[in-house]
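> In order, the protein sequences belong to chains D and L.
Counting in the working numbering, the first sequence runs from 991 upward without gaps.
Counting in the working numbering, the second sequence runs from 5 upward without gaps.
Just so you know, even glycine gets a beta-carbon here, dropped at the ideal spot from N, CA and C.
My questions all concern the structure below.
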Amino acid sequence: MNRSRRFSWFVFSSPQSFYPLAGTLQPWFAALAFLLCAAGLYISFFVAPTDAQQGESYRIIFIHVPAAWMSMFLYLVMGFWSGVGLVLNTRLSSMVATALAPTGALFTFIALWTGALWGKPTWGTWWVWDARLTSELILLFLYIGFMALQAAIDDPRRADKAGAVLALVGVINIPIIYFSVQWWSTLHQGASVSMKSAPTMAATMLLGMLIMALGFWMYSIAAVLARVRCVILERERHTEWVMEEVGGQA
Amino acid sequence: MNWHSWSEFLAMGGYGLYVWGSYAVTLVVLIGEIVALVMRRRGVIARLAQFYAARRRNDETEA
Chain D
991 MNRSRRFSWF
1001 VFSSPQSFYP
1011 LAGTLQPWFA
1021 ALAFLLCAAG
1031 LYISFFVAPT
1041 DAQQGESYRI
1051 IFIHVPAAWM
1061 SMFLYLVMGF
1071 WSGVGLVLNT
1081 RLSSMVATAL
1091 APTGALFTFI
1101 ALWTGALWGK
1111 PTWGTWWVWD
1121 ARLTSELILL
1131 FLYIGFMALQ
1141 AAIDDPRRAD
1151 KAGAVLALVG
1161 VINIPIIYFS
1171 VQWWSTLHQG
1181 ASVSMKSAPT
1191 MAATMLLGML
1201 IMALGFWMYS
1211 IAAVLARVRC
1221 VILERERHTE
1231 WVMEEVGGQA
Chain L
5 MNWHSWSEFL
15 AMGGYGLYVW
25 GSYAVTLVVL
35 IGEIVALVMR
45 RRGVIARLAQ
55 FYAARRRNDE
65 TEA
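If you want it as structure tokens, here you go:
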């Protein structure tokens, strides 16, 4: 069999072939994000009923829970691509990890901010040092630490490796955040949605939350694809194809 | 339908500050990221065009 004729997905592990692919996919993910968030917001404010216990303040969870999910999920994806970059020495994997960090940090910030604004009317306090809130704050510091470490090292390949080690060590924090409400007695409530049992909330509330989560997910993909394209241009600037892409003549 | 008027919608049952404070900051953060990404792309392309132009001039002087 002629191996060279077989299509291989590894073709996209080259920045040169991934760059145009990312450019083609990015607007579709952006459009999906916009539509899903619009539908999610409509359900959040006009379809989902008022909560019997919390009144209208509960509507914050339509962004709080999806943002918190994304903050953890993006960290896992960042850790995964960091690990792949470290083990297989693939440049693009590390570039994707670098591109994921700012979006992950922003969703962590949103989760903390909306959590504080929900906590004040519900618990009577903006902030407590309980296990869930503290570990989520550590997640923000991990993202910021990853970005600062990479920015401090001039050689991109060394920055990739140092960042990858930090990202992988930090992965231990994700199960700590997720299970913190079970392992310790926290002010933060347990999960309303889990894999094991039926959700303990009204169907329209759940639907709004899930659609918002999908919208945030598509937004993250669009933002990361846009950012990785910038990173590729910067780091591959010594190649012919980037020169042609930017429009400089040989 | 949950709301009978605009003012009722904005008041959010007395939680307006908290609800709109959450949604407004989220919107500002996400739009800020989009603007930053657009500016970064323009900046990268402008800087690279300068870089290639400088290198070309350098090559011509040497030749």
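Let's test the definition: count the other Cβ atoms within 10 Å of the Cβ of residue 1100 (chain D) and tell me whether it reaches 16, buried, or not, exposed.
As a working note, residue 1100 (chain D) is residue 110 in the first sequence. Classification for residue 1100 (chain D): buried.
> Does the beta-carbon of residue 965 (chain D) have 16 or more other beta-carbons within 10 angstroms, so that it is buried, or is it exposed?
The structure shown does not extend to residue 965 (chain D), since chain D is modelled only from 991 to 1240, so the question has no answer here.
> Could you check the C-alpha separation between residue 1170 (chain D) and residue 1121 (chain D) for me, to the nearest Å?
As a first step, residue 1170 (chain D) is located in the first sequence; it is residue number 180 there, counting from the start. As a first step, residue 1121 (chain D) is located in the first sequence; it is residue number 131 there, counting from the start. So the alpha carbons of these two residues sit roughly 6 Å apart.
> Using the Cβ count rule (16 or more neighbours within 10 Å means buried), how would you classify residue 1228 (chain D)?
As a first step, residue 1228 (chain D) must be located in the first sequence, where it is residue number 238. Answer is exposed; the Cβ neighbour count stays below 16.
> Leaving out five residues on either side along the sequence, give the residues of the same chain with a beta carbon under 6 Å from the beta carbon of residue 1084 (chain D).
As a first step, residue 1084 (chain D) must be located in the first sequence, where it is residue number 94. Excluding sequence neighbours, residue 1084 (chain D) sits near 1075, 1150.
> What does DSSP give as the partner residue(s) for residue 1041 (chain D) in the beta ladder?
As a working mapping, residue 1041 (chain D) is identified with position 51 in the first sequence. Per DSSP, the beta-bridge partners of residue 1041 (chain D) are D:1045.
> Okay, do the segment 1021 to 1036 of chain D and the segment 1192 to 1207 of chain D touch, 3+ Cβ pairs below 8 Å being the bar?
yes
> Let's see if you can read the secondary structure: which residues bound the alpha helix (DSSP H) around residue 1024 (chain D)?
Here residue 1024 (chain D) refers to the residue found at position 34 when the first sequence is read from its first residue. That run of the alpha helix (DSSP H) goes 1005 to 1032.
> What is the DSSP secondary structure of residue 1072 (chain D), reduced to helix, strand or coil?
Numbered from its first residue, the first sequence carries residue 1072 (chain D) at position 82. Correct three-state label for residue 1072 (chain D): helix.
> For the structure I just gave you, are there three or more beta carbon pairs, one from the segment 48 to 65 of chain L and one from the segment 1113 to 1132 of chain D, closer than 8 Å?
no
> Could you give the DSSP three-state label for residue 1079 (chain D): helix, strand or coil?
Here residue 1079 (chain D) refers to the residue found at position 89 of the first sequence. Correct three-state label for residue 1079 (chain D): coil.
> Below 7 Å between beta carbons: does that hold for residue 1106 (chain D) and residue 1116 (chain D)?
Along the first sequence, one-based indexing puts residue 1106 (chain D) at 116. Along the first sequence, one-based indexing puts residue 1116 (chain D) at 126. In this structure, residue 1106 (chain D) lies near residue 1116 (chain D), with their beta-carbon atoms less than 7 Å apart.
> Cβ of residue 1003 (chain D) within 7 Å of Cβ of residue 1090 (chain D)?
Sequence index remark: in the first sequence, residue 1003 (chain D) carries index 13 (1-based). Sequence index remark: in the first sequence, residue 1090 (chain D) carries index 100 (1-based). Not a contact, by the Cβ cut-off of 7 Å.
> Near residue 1240 (chain D), which residues of its chain fall below 6 Å by C-beta distance, leaving aside the five closest residues on each side in sequence?
Looking up residue 1240 (chain D) in the first sequence gives position 250. Low confidence applies here, because residue 1240 (chain D) scores a pLDDT of 46, under 50, leaving its location unreliable and the question unanswered by this model.
> Do residue 1140 (chain D) and residue 1160 (chain D) have their CB atoms nearer than 7 Å?
Residue mapping note: residue 1140 (chain D) aligns to position 150 of the first sequence, counting from 1. Residue mapping note: residue 1160 (chain D) aligns to position 170 of the first sequence, counting from 1. Contact: no.
> Whose Cβ in chain L lies nearer than 7 Å to the Cβ of residue 1237 (chain D)?
Locating residue 1237 (chain D) in the first sequence gives position 247, where the first residue counts as 1. Chain L residues near residue 1237 (chain D): 53.
> If you reduce the DSSP assignment to three classes, tell me which class residue 1054 (chain D) lands in.
On the first sequence, residue 1054 (chain D) is found 64 positions in, with the first residue counted as 1. Residue 1054 (chain D) falls in the helix class under three-state DSSP.
> Go to residue 1266 (chain D), then tell me how far its alpha helix (DSSP H) extends in each direction, as first and last residue.
Any question about residue 1266 (chain D) goes unanswered here, given that chain D covers just 991 to 1240.
> How is residue 1144 (chain D) classed by DSSP in three states: helix, strand or coil?
Start at 1 with the first residue of the first sequence, and residue 1144 (chain D) comes out as number 154. Assignment of residue 1144 (chain D) by DSSP, reduced to helix, strand and coil, places it in the coil class.
> Residue ranges of each alpha helix (DSSP H) run of no fewer than 4 residues wholly in the segment 1163 to 1218 of chain D, ordered along the chain?
1163 to 1173
> Report the residue from D:1111, D:1016, D:1088, D:1063 whose alpha carbon sits nearest the alpha carbon of residue 1156 (chain D).
Here residue 1156 (chain D) corresponds to residue number 166 of the first sequence, with the count starting at 1. The shortest Cα separation from residue 1156 (chain D) among D:1111, D:1016, D:1088, D:1063 belongs to D:1088.
> For residue 1198 (chain D), count neighbouring C-beta atoms within 10 Å of its own C-beta (all shown protein chains included) and say buried if the count is 16 or more, exposed if not.
The residue labelled residue 1198 (chain D) in the question sits at position 208 within the first sequence. That one is buried.
> With C-beta atoms as the reference, is residue 1012 (chain D) less than 7 Å away from residue 1223 (chain D)?
For the purposes of this step, residue 1012 (chain D) is taken as the residue at position 22 of the first sequence. For the purposes of this step, residue 1223 (chain D) is taken as the residue at position 233 of the first sequence. No. Outside cutoff.
> Note down, in chain order, every chain L residue with its Cβ under 9 Å from the Cβ of residue 1103 (chain D).
Locating residue 1103 (chain D) in the first sequence gives position 113, counting from the first residue. Neighbours of residue 1103 (chain D) on chain L, chain order: 25, 26, 29, 30, 33.
> If I measure Cβ to Cβ from residue 1041 (chain D) and keep anything under 6 Å in the same chain, skipping five residues before and after, which residues do I get?
As a position in the first sequence, residue 1041 (chain D) is number 51, starting the count at 1. Annotation for residue 1041 (chain D): 1048 place their beta carbon closer than 6 Å to its own, counting only its chain and skipping 5 residues before and after.
> List the residues of chain D whose Cβ lies closer than 8 Å to the Cβ of residue 48 (chain L), in chain order.
In the second sequence, the residue the question calls residue 48 (chain L) occupies position 44. When 8 Å is used as the limit between beta carbons, residue 48 (chain L) is near these residues of chain D: 1220, 1223, 1224, in chain order.
> Express the C-alpha separation of residue 1066 (chain D) and residue 1138 (chain D) in angstroms, rounding to a whole number.
What you label residue 1138 (chain D) is simply residue 148 of the first sequence in a count that begins at 1. What you label residue 1066 (chain D) is simply residue 76 of the first sequence in a count that begins at 1. About 19 Å.
> What are the start and end residues of the alpha helix (DSSP H) that includes residue 25 (chain L)?
Walking along the second sequence from the start, residue 25 (chain L) turns up at place 21. Start and end: 20 to 66.
> Just tell me which of D:1132, D:1210, D:1039, D:1010 has its CA closest to the CA of residue 1026 (chain D).
The count along the first sequence starts at 1 and reaches residue 1026 (chain D) at position 36. Comparing Cα positions, the closest option is D:1210.
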